[in-house]
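Here the protein sequences come in this chain order: C and P.
When we follow our numbering, the leftmost residue of the first sequence carries the number 6, and every step to the right adds one.
When we follow our numbering, the leftmost residue of the second sequence carries the number 3, and every step to the right adds one.
The block underneath contains the structure these notes are about, expressed in structure tokens.
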Amino acid sequence: MSADEASGPQKAGYYHLARAVLYREFLLFVRYPANAIGGIVISLFFFGVLFYGGRMLAGQALTDSIEGIIVGYFLWTLSVGAYSSISNDIGSEVQWGTLERHVMTPFGFAPVALLKGAAKVVRTFLISSIILGAMLLITGTRLELHVGTIVVVASLSILSVLGLGFAAGGITVLYKRIGNWLNLLQFGFVVLISAPALGVPWLKVLPLAHGSDLLQRTMVDGVRLWEFPPADVALLVAVAVGYLGLGYAVFQASTRRARRLGVLGDY
Amino acid sequence: MCTFVYSGRTLSLIVTGSQSLRILVGIPTFAATVAPAKAACADRVIRLALLRGAMTKPDGTGGERHRTADRNGQPPRSADAAVAETEEFPTGTDSRNGVSERAVSRETAIAVEGLTKRFGTGTDSVLAVDDVSFEVEAGSVVGLLGPNGAGKTTLIKSVLGMVVPDEGSVRIAGVDVAERPKAAYANVDAMLEGARNDYWRLTVRENLRYFATVSGVDPDSVTDRHDRLLERLDLAEWADTPVRKLSRGMKQKVSLASVLAGGAEVVFLDEPTLGLDVESSRTLQRELRRLAEEEGLTVLISSHDMGVIETVCDRVLVMSEGRIIADDSVDSLLRGAASGTVVVESSDLDSDAIAAIRERFDITDIEELERGARIEVVAAGDDLYALMDVLSRAGVTPERIRTVEPDLEDIFVGLTREEDR
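Following this line, the structure appears as structure tokens:
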């Protein structure tokens, strides 16, 4: 009888759960790099088209605003990565029959889903950072890279997108094969990121808009987290928590309805 | 006078008295008629033999007609062994699995009460599960049978909380799933039909560790359990192989292993042997029985493979049109129907004789022979005496008589057909 046998099965805590979820994400990242590399190449291709095409058409005007474009594109890749990974992940879990096992876990589905979301955000940050570095090299641009502030502001910004991802995932659980339609929402992020939140205050309550504004000020103007007005930071947190909560509520309501209709897991 | 008649798989012993054949002793492949004076003794032989559903073959290897292996994957017992075992439980205790004896001390693992689920509304609505109630004792393996659309999957999903029932309650280990779902499902896992249930990009062992954690167990504390599972399911060699590289049957076994990885005490398996080859299916069945008997695992298993149900299960629930139409041990079901049909072959069986028999019995099959006919008559218990009387009065001297032992599939078809009427 081995040591682990002698002591018997031990109860897993949230630490074990976090480790398992993050480790799985890590394994997939390192074992199947083609997805990540493909995403990076495609993102840089589109950025190249945007940058060189724009410079041909707009000339100096584009070059003058290139920092803003880079920051916006960085946030967009982060948002798309977080949104699609969480919504597609839920869709895949439904298809594979693993969603039910996560729904039945004694931890409850919420912690598992949030940890999976966090794992996706970490992975997305890694990929987007590579894209950011490549964009800076391509354009020869310099940005203020206060990592701590960037991570906090960008993370809070894309939490609202994670909420949208949960909502989309919930709708996928209910209506199944509509993932492609929901992916169109990603292009709406461009509008949200470029929304003139400074001039039109109510836009700040939309996902990404306020976060995009703060991230621009961080990366272009070098503003640190503690230098922002507390109200701005509070609003960023409120929008993040609000949309995440709303998205999760939609997911919960959708899965409840799917259970009533008997379609949870039926793909 | 004693006469042995052997025909194909059938060995018949005809014991005739002074004037007429009186009693048919129905052992599946061992038919006998005895004189009136032997009746009491013959009755006992009938009961003992039917109690075990024993089957003898001329070569003495034994084994039931459709049962190729017992629950432990061992060859079927000989008739002698079966009768000997039966002698130990002459009052009908279910010695096949010891259910009756163990049941008294067992706790109820699953209790379903008045479960009802209707999909849709109005005239288009479908009553998928109709007031279903049953209990499953801890450490037992219960089969769920039913034709497509009978409500099996809806029932399983309702018990698992994946479908919200309209009425009724489900308790797992005494905990109401509606009131305390996390606690109720803490030791429950499921392998559902058509689902992969695991991650194909992870290796076999990584899946076991991941799902052990998700089911609330520190994977480092169950490493030995995982090793044993991999060994017993013949997966050890593939432990570090990504699941996507395995064959369908292997994937199915990985799926089962991941369900068992966290040490669940109650598992629901929907078509667990689907796609498995015979050897893999037997391995899986053997492991299920071992887990139930040695580790007290409670299993509710749905399958269209009657052989699996008959081999693995202690008890069977048969569903039809959303209701449970039979709930009994496998042996009781087999025993109850064991003497249900008698095949009589005689050159005296002409249309008049058949008409005379038909007046009192259902004839399910008639096959005309070069001389006479072979008929299949529904006759059980005391009907056998009456049948012999009718044959005698019709001037029919049976040349071959045998009872047909139905397997679970026959019983299932019969039950669902009755329900459809």
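For every residue, glycine included, the Cβ atom is placed at its ideal position computed from N, Cα and C.
query, result
"Any C-beta of chain C under 9 Å from that of S97 (chain P)", "Its pLDDT being 33, under 50, S97 (chain P) is placed unreliably by the model, and the measurement read from it follows with that caveat. Chain C, which has no Cβ nearer than 9 Å to the Cβ of S97 (chain P), makes this no."
"Contact check, S90 (chain C) vs T154 (chain C), beta carbons under 9 Å", "no"
"Amino acids of chain P, ordered along the chain, whose beta-carbon sits closer than 8 Å to that of Y248 (chain C)", "Near Y248 (chain C) there are no residues of chain P at all, since even the closest Cβ is about 27 Å away, more than 8 Å."
"Neighbouring residues, chain C, relative to V398 (chain P) (Cβ below 8 Å)", "Correct list: empty, because the minimum Cβ distance to chain C is about 56 Å."
"Stretch pair the stretch 235-246 of chain C + the stretch 81-98 of chain C: three plus CB contacts closer than 8 Å", "no"
"Stretch pair the stretch 164-179 of chain P + the stretch 359-377 of chain P: three plus CB contacts closer than 8 Å", "no"
"Partners in chain P for K16 (chain C), counting only beta-carbon separations shorter than 8 Å", "G218, V219 and D220"
"Secondary structure of A202 (chain C), DSSP reduced to three states", "coil"
"Neighbour flag for L27 (chain C) against chain P, beta carbons, 9 Å", "no"
"At least 3 beta-carbon pairs within less than 8 Å: the stretch 49-60 of chain C vs the stretch 135-143 of chain C", "yes"
"Reference Y78 (chain C), options C:R264, C:S165 and C:S134, closest by Cα", "C:S134"
"V117 (chain C) at chain P interface by Cβ criterion, 9 Å", "yes"
"Within-9 Å CB hit, E105 (chain C) to chain B", "Chain labels in this structure do not include chain B; the protein chains are C and P."
"Residue of P:R250, P:V219, P:V280 and P:F136 minimising C-alpha distance to V320 (chain P)", "P:F136"
"Rounded straight-line distance, which links the Cα of L237 (chain P) to that of V85 (chain C)", "39 Å"
"Near-chain C residues of the stretch 124-157 of chain P - C-beta to any C-beta below 7 Å", "T156"
"Any C-beta of chain P under 9 Å from that of G43 (chain C)", "no"
"Coil, strand or helix - L213 (chain C) by DSSP", "coil"
"Inter-residue spacing [alpha-carbon to alpha-carbon] between G145 (chain P) and S165 (chain C)", "47 Å"
"Test: D82 (chain P) CB closer than 9 Å to a CB of chain C", "Residue placement at D82 (chain P) is poorly supported in this model, since its pLDDT is 35, which falls under 50; the coordinates still yield a value, given next. By this cut-off, D82 (chain P) is not an interface position."
"Separation of L262 (chain P) from F213 (chain P), as counted between CA atoms", "9 Å"
"Cα-Cα separation, F34 (chain C) to A25 (chain C)", "14 Å"
"Residues in the stretch 108-132 of chain C having any Cβ partner in chain P nearer than 9 Å", "V108, M109, T110, P111, F112, G113 and V117"
"Alpha helix (DSSP H) segments (min. 4 residues) lying fully within the stretch 308-350 of chain P", "308-314 and 332-339"
"At least 3 beta-carbon pairs within less than 8 Å: the stretch 183-192 of chain C vs the stretch 254-265 of chain C", "no"
"Start-to-end residues for the beta strand (DSSP E) that takes in I174 (chain P)", "E169 to I174"
"Which listed residue (C:L83, C:L27, C:L137 and C:V117) has its alpha carbon closest to that of G53 (chain C)", "C:L137"
"Local Cβ density within 10 Å of N189 (chain P), reported as buried at 16 or more and exposed below that", "buried"
"Beta carbon of V158 (chain C) nearer than 9 Å to that of L230 (chain C)", "yes"
"Identity of the residue in P:P221, P:V177, P:Y187 and P:V143 nearest L22 (chain C) by Cα", "P:P221"
"Interface residues of chain P facing Y19 (chain C) [CB-CB closer than 8 Å]", "Ordered by position in chain P, no residue passes the 8 Å Cβ test against Y19 (chain C), which lies about 10 Å from the chain."
"Burial state of G274 (chain P), where buried means 16 or more other Cβ atoms lie within 10 Å", "In the sequence on display, residue 274 (chain P) carries Pro and not Gly. The residue in question, P274 (chain P), is buried, as its Cβ has 16 or more Cβ neighbours within 10 Å."
"Helix, strand or coil at S304 (chain P) [DSSP, three-state]", "strand"
"Spatially closest choice to P111 (chain C) from P:A185, P:A140, P:D133 and P:V138, by CA coordinates", "P:A185"
"G264 (chain P) (DSSP reduced to helix, strand or coil)", "coil"
"Span of the alpha helix (DSSP H), counted from its first residue to its last, around F79 (chain C)", "I71 to W101"
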